[in-house]
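Report on one structure; see the data block that follows.
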Amino acid sequence: MLALALLLGTSGCGDLSRDELNRGVESLSALAAQGELIASGVARDATKSTYTRVMAKTLGGEAEHEAEKLADAEPSPEVERERDAAVQIAGELADLFSELQTFPGDERHGELVEKQMGKVKEQADAVVERLTGEEA
Amino acid sequence: MRDEGEIFVVHRLLDEQILDSDGKRCGRVDDIELRGSPPRITAVLVGEALYPRRLPKRLRHLARRLAGPERWGANALRVPWEEFDEIGATLRLRRKAEELGLGEGDDPERWMVRRLPWN
Amino acid sequence: MKSVLKIALGIIAALGGFLDIGDIVFTTQAGALYRYDLLWAVVLGVVGIAIYAEMCGRVAAVTGRPVFDVIRMRMGFGLGLVALVASTFVNVLTVAAELGGLAIVLQLLFDAEYSLFVVLATVGLVIVVALLPFGGIERVFGYCGLLMLVFIATAIHQGPDWGEVAHGFVPSLSDSKLYLYFVVGVFAAALMPYEVHFYSSGAVEEGWDESNLRENRLNAIVGYALGGILACSLIVVSGFLFHPVGVDPTDLGTAALPAQGAFGETGLLLALGGILFCVGGAAIDSSFAASYNLAQFLGWEWGRYRGPKKAPRFTVSWLVFLALAVMIALSGINPVEITEYSVVLAVVALPLTYFPILMIAGDRSFMREHANGMVSTTLGWLYFAVIVVLALAAIPLLLMTNGGGG
């Protein structure tokens, strides 16, 4: 019984496997993609600021949640580098969404965030490739 | 009437909606009283207290706790067969629901519905 | 001429009222994940609801019996009670999902606390129901739901490869459990039982008889077909914009992004407005369906037309169901998640309420010359088989895919 509890306990608190990390980074890539679209709307002054603010708050929260999840987990050694990169990406995403939240109607900020979101997405996709590429 | 016709009528009667003389919905046929040989329908039974009998044995105990004890005239009503007018598309009573104690759950006085904003 | 206008308006209201939060959530996610590959599942679901609704409407018009009257009569008290409990549970969950969806859209428009909007939206709906006559409610929400046409405009504006879109209408199966989960979800969202139960009770409320049979047919076929096109456009715009960049639409607001991308702020407002009315109308329909079903099963007086004085238990039960739904919406569970559960559980309960209607619709002693003909019988039974298969697969797929999480 104790052994079972220990087993469940350790598997719960986060051995981060390659697959789990991959999924986490993919979701970061998805968030960045959405962030890019939303920021693009701000940049062209073609959206409503309340929409931007609320969406940025929600998505930023998701990025932060992912950052915490990844940071708390114990990565298996071969993916430790990727895990650290992912945490950094998640943190950057959260910051970018925070920018959008603070300046939901500012076109210049929208343009900057749009570009940055694109870069962050590329970074996330690169990590995904490293994770899945190494497997093959 | 032959037995088969009687059973068929019982089968169609059971669970049918009851309307009073004003067309007001006042309950369903929850059970049927049959007397005599060959059996004849003598009354229609209506009320929550009759639900437990319609359920499988295992649920009856729980259902009885929920429905409460059988209180004839309150949660179980006996409507004699003579009170019914048409047995065609609908089961219609000759008299009004209140006169037979039916449909009391929908008595507006009970719910003090006048308190609701749109009244 | 007057009747043609009346029928046309009925179809328009059916079109505007077709979508609810379940459709929006599942089509947007389906498009993002599988691009155009699930368009056939929408069609399958739309045909299904057209068949089911036509039968229920016909039964209501010819026999004066709405769905749960039929269920109590054909299934008896015991089995009918199972159908009632399942149906009520699903309906209350659905109301909660719709209320949550309303609150989210209001948040996106006015940026205040979610919980505040849940309560405000509910109070608003109660006031609307209290003030407007029954037919008026359907019309207001139905016509305003037409704002969703912005999604068809978006699809055209985006200019996808229509050949590829057409390919999505060809049924394809995959051994991917997530794909199968979405087949079930998209189908189930189109065939939500509350809509049909509401429709059948509405037919009795409006005093339908045999002269309304043609209108019933047209509502079901044309109205839902047009609604299906709308649902398909949601998949197309989502597939076009989200699939290539991997956006995962787990938030309701994401559904409006394609319209914003195509038409800027105007597109965004039309989309959000459309979603507001679709979801609001659905909240009313599903909450009424819950009360209709309960009152009809137990033999109480019922009906919006009877009013709270003549049908107090019906009215109180409606308010109780709303209150329960509000509690669920305020419980902190993401409305999108509540939606997924309500849709999946709806298809699981669907065979229980579909089967008795199919039987009655084909029973000559009740329907006389209006009983199911060859086509209706064949289609009716075919769909029963489809529904049973999906009902059995739904919960396993939900669990295996971790609620569509993959």
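Chains as they are written, first to last, in the numbering used here: chain A, 48 to 183; chain B, 837 to 955; chain C, 780 to 1185.
Glycine is no exception: its CB is placed at the ideal position from the N, C-alpha and C atoms.
The three-state secondary structure of residue 882/C, taken from DSSP, is helix.
Identification of residues in the region 1033-1045 of chain C having a C-beta nearer than 8 Å to some C-beta of chain A yields 1033, 1035, 1036, 1039, 1040, 1043 and 1044, given in sequence order. Closest in alpha carbon position to residue 1135/C, among 1100/C, 863/C, 809/C and 794/C, is 863/C. Put simply, the CB of residue 1081/C is near chain B, with a gap under 8 Å to one of its CB atoms. Under the three-state reduction of DSSP, residue 121/A is assigned to strand. In terms of Cβ geometry, residue 120/A and residue 75/A do not form a close pair [threshold 8 Å].
Here residue 67/A carries a helix assignment [DSSP, helix/strand/coil].
In chain order, 1081 and 1093 place their CB closer than 6 Å to the CB of residue 1074/C, counting only its own chain and leaving out the 5 sequence neighbours on each side.
Residue 1016/C does not reach chain A, its nearest Cβ partner there being about 12 Å away, counting only Cβ pairs nearer than 9 Å. Excluding residues up to 5 positions away in sequence, 937 lie with their Cβ nearer than 7 Å to the Cβ of residue 909/B in the same chain. Per DSSP, residue 930/B lies in no alpha helix (DSSP H) and is assigned neither H nor E. By the C-beta density criterion, residue 785/C is exposed, having fewer than 16 other C-beta atoms within 10 angstroms. For a Cβ distance threshold of 8 Å, nothing in chain A lies close to residue 963/C: the least Cβ distance comes to about 22 Å.
Counting along the chain, residue 925/C sits inside no alpha helix (DSSP H), nor does DSSP assign it H or E at all. The alpha-carbon separation between residue 1042/C and residue 93/A amounts to approximately 8 Å. Under the three-pair Cβ rule at 8 Å, the region 888-908 of chain C does not count as touching the region 1135-1147 of chain C. By DSSP's assignment, residue 62/A forms a beta bridge with 121/A. Residue ranges of uninterrupted alpha helix (DSSP H) with 4 or more members, entirely inside the region 859-903 of chain B and ordered along the chain, are 887-890 and 893-903. Excluding the 5 residues flanking it on each side, residue 887/C has same chain C-beta neighbours closer than 7 Å at 1032 and 1051, in chain order. Straight through space, the alpha carbons of residue 103/A and residue 945/C are spaced by roughly 35 Å. With the rule of 3 Cβ pairs closer than 8 Å, the region 1106-1115 of chain C counts as touching the region 1018-1035 of chain C. Within its own chain, the residues whose Cβ lies closer than 7 Å to the Cβ of residue 1014/C, once the five positions on either side in sequence are excluded, are 806, 809, 810, 815, 817, 818 and 821, listed in chain order. By the criterion of at least three beta-carbon pairs nearer than 8 Å, the region 1141-1150 of chain C is not in contact with the region 1162-1172 of chain C. Here the alpha carbons of residue 86/A and residue 143/A stand approximately 10 Å from one another.
For residue 1092/C, the C-beta contacts it makes with chain B under 8 Å involve 941, 942 and 947, in order along the chain.
Under the 8 Å criterion on CB atoms, residue 959/C is classed as non-interfacial with respect to chain A. Residues of the region 885-905 of chain C with a Cβ closer than 9 Å to any Cβ of chain A, in chain order: 886, 887, 888, 889 and 890.
Interface annotation, residue 94/A: in contact with chain C, CB-CB separation under 8 Å. At a cut-off of 8 Å, the C-beta of residue 1088/C has a neighbouring C-beta in chain B. Counting of Cβ neighbours within 10 angstroms places residue 1083/C among the buried residues, the total reaching 16 or more. By the neighbour-count criterion, in which 16 or more other beta carbons inside 10 Å mark a residue as buried, residue 149/A falls on the exposed side.
Secondary structure note for residue 1087/C: its alpha helix (DSSP H) is the uninterrupted segment 1086-1089.
Chain B places a beta carbon closer than 8 Å to that of residue 852/C, counting this residue as a contact. Boundaries of the alpha helix (DSSP H) around residue 147/A: 127-149. From the beta-carbon of residue 81/A, the residues of chain C found nearer than 9 Å are 1021, 1024, 1026, 1027, 1028, 1030, 1033 and 1036. Contacts with chain A at 8 Å (Cβ-Cβ) do not include residue 1158/C.
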